[in-house]
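Its first residue numbered 25, the sequence shown is counted upward by one per residue in my numbering. The beta-carbon is built from N, C-alpha and C at its ideal position, and this holds for glycine as well. Worksheet: one structure, shown below.
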Amino acid sequence: MNVRLNLDTETVDQCELDAPLCLSRQTTVADALGQMKEANSATVLICKDEKVLGIFTERDALKLLATGASFDVPLEECMTPDPVILHAQDKVGKAIHLMVEGGYRRLPIVDDNGKPAGVIKMEAIMHYLVEHFPTVIHTLPPEPHQTTESREGA
């Protein structure tokens, strides 16, 4: 099975997506963190009229915590505005490219109308790769371009 072909033809909606947790811009960080905990989610999509305006993740919460900032501020003050968004029919290869290029661990997924349909995590892509290409993934050396000094086996 050709890995490259599959990454260029299979869509992100074939990966396991997390349900989107959508909150308003005025929701406080403290409230958002409570809802994130309840939903077991590391991501909040900040939405208005079912359109994604921003994203707030556990990384943003850690940055606030590290600076001693108040958690009583609205999400709009600490969200990442206009996040990179994928459409449900975008290819898995595109998701990998955007995540690696931007250093993202999560990306919002929207449907054809721009309504949040889910969140894809790097972890879900890794599961997708292992599930679809076990021979390729499980036979990779622990370090890239690793060679052995002596021949293995009998």
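Query	Result
Which one of D32, V36 and N30 has the shortest CA to CA distance from E147?	V36
Pull up the distance between the alpha-carbon of A141 and that of A54, whole angstroms please.	24 angstroms
Take I133 as the anchor and find which of E62, A85 and C46 has the nearest alpha-carbon.	C46
Taking 8 angstroms as the limit between beta carbons, can you name the residues of its chain near M123, skipping five residues before and five after?	R129, L131, M146 and I149
May I ask which residues mark the beginning and end of the alpha helix (DSSP H) holding K61?	V53 to A63
Which same chain residues, not among the five before or five after M25, have their C-beta less than 8 angstroms away from its C-beta?	Low per-residue confidence applies at M25: pLDDT is 49, beneath 50, and the placement is therefore not dependable, though the value from the model is reported in the following sentence. Excluding residues within five positions, the ones whose Cβ falls inside 8 angstroms are H156 and F157.
Taking the beta carbon of A85 as the centre, do at least 16 other beta carbons fall within 10 Å, making it buried, or is it exposed?	buried
Please check the pair G78 and T104, which I expect to be a contact at CB under 8 angstroms, by giving their CB distance rounded to whole angstroms.	6 angstroms
Should S65 be labelled buried (16 or more other beta-carbon atoms within 10 Å of its own) or exposed?	buried
Between the alpha carbons of N30 and R83, how many angstroms are there, rounded?	31 angstroms
Indicate the three-state DSSP secondary structure (helix, strand or coil) for I120 in the structure shown.	helix
Give every residue of the same chain whose Cβ lies closer than 6 angstroms to the Cβ of K139, excluding the five residues on either side of it in the sequence, and list them in chain order.	E74
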